[in-house]
Amino acid sequence: MKKVLALVLAVLMVVALAACGGSDKKDEKGHVYWLNFKPEIDETLQDLAKKYTDETGVEVTVVTAASGTYSTTLTAEMDKSEPPTLFVIGNQQGVKDWSDFALDLTDTAIAKELNTDAYNLYDDSGKLVSIGYCYECYGIIVNPDLVEKAGHKVEDIKNFDTLKTVVEDIHARAKDLGFDAFSSSDMDDSSSWRFTGHLANLEYFYEEKAAGATWKECPATITGDYLPNYKKLYDLIINNSLTAPTDLSAGGHDAEAEFKEGKAAFFVNGSWEYAAVSEAVPNAVMIPYYCGVEGEEKAGLNCGTENRWAVNSEVSEADQQATIDFMVWLVSDKDASATMVEQLGIMPYKNAAASTNGFLNNAAKYDEDGCYVMDWATNYQPNVDEYRKDLVSALNAYNADQTDDNWAKVKEAFVDGWAKQYKAIAE
Amino acid sequence: MKEKQKANSPVEAVEETVAEAVLEAETNAEDEAAVLESESAAVDGEQEQAAPVKPKKVKVRAGHSSMTRRSMRKWSWLFIGPVFVSFIIGFLWPFLQGIYLSFCSGRITTIAKAKLTGLQSYEKAFADESFFHAFWFTALFAIVSVVLINILAFAAAYALTQGVKGSNLFRTIFFMPNLIGGIVLGYLWSMIFDGLLDLYTTTNLVDDATYGFWGLIILLLWQQIGYMMIIYIAGLQSVPEDMLEAAKIDGATKRQTLFRVIIPNVMPSITICTFLTLTNSFKLYDQNLALTNGKPGRLTEMLALNISNGFANSATRGMAQAKAVIFFVLVAVLGIAQLVTTRKREVQQ
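Going down the list, the sequences are from chains A and B.
Counting from 1, one number per residue, gives the positions in the first sequence under this note's numbering.
Counting from 1, one number per residue, gives the positions in the second sequence under this note's numbering.
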């Protein structure tokens, strides 16, 4: 009997291997295969895909790449016989890699639905490679109740000096108040991006602003002229928080929970935290990175996106059309767009549902008030993983011992590191 | 070796029984399913039948075993096939593709669009400082860990074969760390190390490459000693009793017995263990990723991690692939060289 079983199993295995090749069910309707970039919205997308198939009969597959593996997953999927029809080209690096695979979206039905060109990406030839389907903002999240409890007002924080006064006062009286100024700013991999990615943006942005032009591609070098401003805000954050600077490199603190539980009044993060944060602090607001730059009273939030749709130019026309129809449905159908907006915060499309995200509404308010938007220059960091690794280790050395020598090493990683990594990936 | 020899005869006997059953079934019916069924029936009954069948053995030997071989040959593809196919799909084909890709450079996205450019990626790999740093770091790590693991594993095995009470319990306990995956171990130990370091300094494990190095060593020792110990115990148990007795009668001291009798006899185990620890140390990845992830900067990055980090960016993928090929050659050469030199010193029994 054992041998019969073995025989059956072996035959099954061969059949299973052979079966991997088959299954042809493409029809004239085309099909959609979306390789999704955001794990947190996977469940919503699966539901929407099912709903769309029920309504129209067009097959929609949504596959979500695990967090942090989008680029490698996309590389593997693109080599398959049925590659994604809809994928994400999030930044200029992505444009360089995947432009060959991207359909020119100019004048397509989905491009006509957009209400702004601000979140679109073009390649060198002017081809519209990818279009934003949502955008985000980041800054400093504040709990107004706690600030008030300490005898201050959020509205009074208009620049670095006023921020510093409030923060240092809260930190000094943390024991009496029962809460501290900033939540922990861990420098392990789960949290360091808030400082090597987000916070660093202020330096790049002001450098851009001083030069008078936003970057269109990664510059070979940066000057680091605004690094002292980065240092000001960074020092303020690490020295006035729940966790001692020397304990940050090991990580293990839950900054979000600290903020939600009312243990800290300030929390460095972005608009995607709104749903989680507003549960506990419904009136939380987001304020800009004030860092002592002249005229920063007019600063707004850091707004941008890496969520940009591209349509695969190498799939059949029927598939391309099906994909574009699906995209239009997502941004214009009342229920579908409402579901999407609930997850994504906001969608820059004419017929999409209105935003329910408080932080994005803060960003819009700053915009209305004539403040400048800080764009995501951080997206241009060259060879980003390696660049940030060096920066993290320099910042950790500085956290352990805040001397000028150690800050010089931060500067080296920040400025010279940029040039070094730019060279490393130059062709 | 002894035990294997003892076992030989019953196994042969069973083979003959099987062959007999096959022959009978084949002559009775051509149906292959029936053949298989009777074969399995013969196997099922092997324990009981083994002894009574023994006397028949000599008579039937030649003819039947050739029949067995023929039927085995007939069916071998069925059993080798799936493994062979998966080996090609999962190993050989990607390996060849990898070699091909190492000769491509520029931005590598899909394999179909990669352009063949010659040795550019290799030039880049050899010009990469981080790769050389990773190489020396790994080499140093391998030397230290091979020496320490083998000495400690042998010592543990030696101690636990002296007939101490409860040695089976200790063997189990020493072996247990080996059952935990590298990633889990890495995270666990990073917490342990940080907790310990906290008592004495303000530095954390990821702040200092020296701590990182010794952290990795301790982790690997903890994980691997138990496994190597089991191999050494098997080796020590196969040292012939008569040799030990002879040594005792000749008045050899414990030390002399250890170095002149025991160690030469466990050379095969030493070969296996050094081979395993050497290649394990060179290929170390999970533990490195979870414990330090190369921090600070890339200072504790070992070869495998260095290579896989290169895949993050399409512009460095070709270089990373070239590094992977170099790495393969390196590990292969090291492994073979080590095997050849140690084999020479093994005692033939």
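Every residue, glycine too, gets a C-beta built ideally from N, C-alpha and C.
No experiment lies behind these values; they were computed from the predicted model shown.
> For residue 113 of chain B, which of B:225, B:97 and B:197 has the nearest alpha-carbon?
Replying inline: B:97
>> If contact is defined by three or more beta carbon pairs under 8 Å, each pair taking one atom from either stretch, is the segment 245 to 263 of chain A in contact with the segment 400 to 416 of chain A?
In response: Output reads yes: the segment 245 to 263 of chain A touches the segment 400 to 416 of chain A.
> Less than 8 Å separating the beta-carbons of residue 105 of chain A and residue 131 of chain A?
Replying inline: yes
> Comparing the C-beta of residue 400 of chain A with each C-beta of chain B, is any distance below 8 Å?
Replying inline: yes
>> Across the segment 257 to 269 of chain A and the segment 119 to 135 of chain A, are there enough close Cβ pairs to call them in contact, namely three or more that are closer than 8 Å?
In response: no
> If you compare alpha carbons, which of A:232, A:234 and A:206 is closest to residue 222 of chain A?
Replying inline: A check of alpha carbon separations from residue 222 of chain A across A:232, A:234 and A:206 identifies A:206 as the nearest.
>> Check this for me: beta carbons of residue 177 of chain B and residue 214 of chain B, under 8 Å apart or not?
In response: no
>> For residue 34 of chain B, would you say it is in contact with chain A, using Cβ-to-Cβ distances shorter than 8 Å as the test?
In response: Reliability fails at residue 34 of chain B, whose pLDDT of 38 lies under 50, so the model's placement of it is uncertain and the value that follows must be treated cautiously. At a cut-off of 8 Å between C-beta atoms, residue 34 of chain B does not count as an interface residue with respect to chain A.
> For residue 396 of chain A, which residues in chain E fall below 9 Å Cβ to Cβ?
Replying inline: You won't find chain E in this structure, because its protein chains are A and B.
>> Using a Cβ-Cβ distance cut-off of 8 Å, determine whether residue 22 of chain A contacts chain B.
In response: Because residue 22 of chain A carries a pLDDT of 43, less than 50, the predicted location of this residue cannot be relied on, and no value is offered for it.
> Using a C-beta to C-beta distance shorter than 8 Å, which residues of chain B count as neighbours of residue 98 of chain A?
Replying inline: 109
>> For residue 152 of chain B, which residues in the same chain have their Cβ closer than 8 Å to its Cβ, ignoring the five residues on either side in sequence?
In response: 221 and 225
> Whole-angstrom Cβ separation of residue 194 of chain B and residue 296 of chain B, contact assumed at under 8 Å?
Replying inline: Contact flag wrong, Cβ pair sits at about 14 Å.
>> Cβ closer than 8 Å: which chain B residues qualify as neighbours of residue 78 of chain A?
In response: 109 and 110
> Taking Cβ to Cβ, would you say residue 424 of chain A is nearer than 8 Å to residue 379 of chain A?
Replying inline: no
> In its own chain, which residues sit with a C-beta less than 7 Å from the C-beta of residue 340 of chain A, not counting the 5 before and 5 after it?
Replying inline: 330 and 347
>> One question on the structure: do residue 316 of chain A and residue 253 of chain A come within less than 8 Å of each other, judged by their Cβ atoms?
In response: No; because the gap between Cβ atoms is not below 8 Å, this pair is not in contact.
>> To the nearest angstrom, how far is the alpha carbon of residue 372 of chain A from that of residue 118 of chain A?
In response: Going by the C-alpha atoms only, they are around 14 Å apart.
> Is it buried or exposed for residue 128 of chain B, if we count other Cβ within 10 angstroms and need 16 for buried?
Replying inline: Result: buried.
> When DSSP builds the beta bridges, which residues end up paired with residue 241 of chain A?
Replying inline: Residue pairing for residue 241 of chain A: DSSP places it in a beta bridge opposite A:182.
> DSSP beta-bridge partners for residue 140 of chain A?
Replying inline: A:268 and A:287
> Do we get a CB-CB distance below 8 Å when we pair residue 314 of chain B with the residues of chain A?
Replying inline: yes
>> To the nearest angstrom, how far is the alpha carbon of residue 153 of chain A from that of residue 367 of chain A?
In response: Answer to the nearest angstrom: the Cα atoms are 21 Å apart.
>> For the segment 43 to 57 of chain A against the segment 76 to 85 of chain A, do three or more pairs of beta-carbon atoms, one drawn from each stretch, fall closer than 8 Å, so that the two count as touching?
In response: no
>> For residue 281 of chain B and residue 210 of chain A, I'd like the C-alpha separation in whole angstroms.
In response: 51 Å
> Who are the Cβ neighbours of residue 123 of chain A in its own chain at under 7 Å, not counting the five residues just before and after it?
Replying inline: 95, 99 and 129
> Does DSSP put residue 134 of chain A in a helix, a strand or coil?
Replying inline: coil
> Interface residues of chain A around residue 309 of chain B at Cβ under 9 Å?
Replying inline: 385, 386 and 389
>> To test your reading of the DSSP string, which unbroken alpha helix (DSSP H) runs of 4 or more residues are found completely within the segment 79 to 140 of chain B?
In response: 93 to 102 and 120 to 127
>> What residue range does the beta strand (DSSP E) around residue 437 of chain A cover?
In response: Residue 437 of chain A is absent from the model: chain A starts at 1 and stops at 427.
> Using a beta-carbon distance cut-off of less than 7 Å, what residues from the segment 247 to 260 of chain A approach chain B?
Replying inline: 249 and 250
>> Counting beta carbon pairs with one atom in the segment 290 to 304 of chain A and one in the segment 144 to 161 of chain A, are three or more of them shorter than 8 Å?
In response: yes
> Along chain A, in chain order, which residues have C-beta atoms closer than 7 Å to that of residue 194 of chain B?
Replying inline: 250
> Residues of chain B with a CB under 8 Å from the CB of residue 425 of chain A: which are they?
Replying inline: 313, 315 and 316
> Within 8 Å (strictly less), CB to CB, does residue 113 of chain B reach chain A?
Replying inline: yes
>> Strictly under 8 Å for the Cβ-Cβ distance: is residue 85 of chain A near chain B by that measure?
In response: no
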